[in-house]
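**Student:** Input: one structure, supplied below.
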Amino acid sequence: MDDLGNTPLHYAARPRLIEEMEKKKGSSGFDFLLMRRYYEDQDAVIKLLIKKKADQELKNKDGKTWRELGGGFWYLPEPTPSVVESGSK
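Numbered as in my numbering, the sequence shown ends at 93 without a single skipped number.
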């Protein structure tokens, strides 16, 4: 977590990840995410962090979760029962 309360999942969800991560180059774990995001799809980073049990409910100092930052707000790692029951309409 950085001084703004952002976790790697918050950064992975941001559309302008590269510019933000370049400012943090050298920080623990951030170089890997920067390179991964640069060469691969944003979804791959988000899916990896969720698979590794990143806390999806953590909020940054602005009170936002990763889903509220614009990049990964639509991604559900597994269908919820209510979505499965109602189907997509």
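Here a beta-carbon is modelled for each residue, glycine too, at the ideal position from N, C-alpha and C.
This one's a predicted model, so the numbers in the text were calculated from it and none came from an experiment.
1. Within 10 angstroms of its Cβ, does Leu-53 collect 16 or more other Cβ (buried), or is it exposed?
2. Going by C-alpha distance, which of Leu-13, Asp-7 and Asp-66 is nearest Ala-58?
3. Under 9 angstroms, do Leu-62 and Gly-9 count as touching if we go by C-beta distance?
4. Please return the same chain residues whose Cβ sits closer than 6 angstroms to the Cβ of Met-5, not counting the five positions on each side in sequence.
5. I need the DSSP call for Lys-63, collapsed to helix, strand or coil.
**Tutor:** Put simply:
1. buried
2. Leu-13
3. yes
4. Thr-11
5. coil
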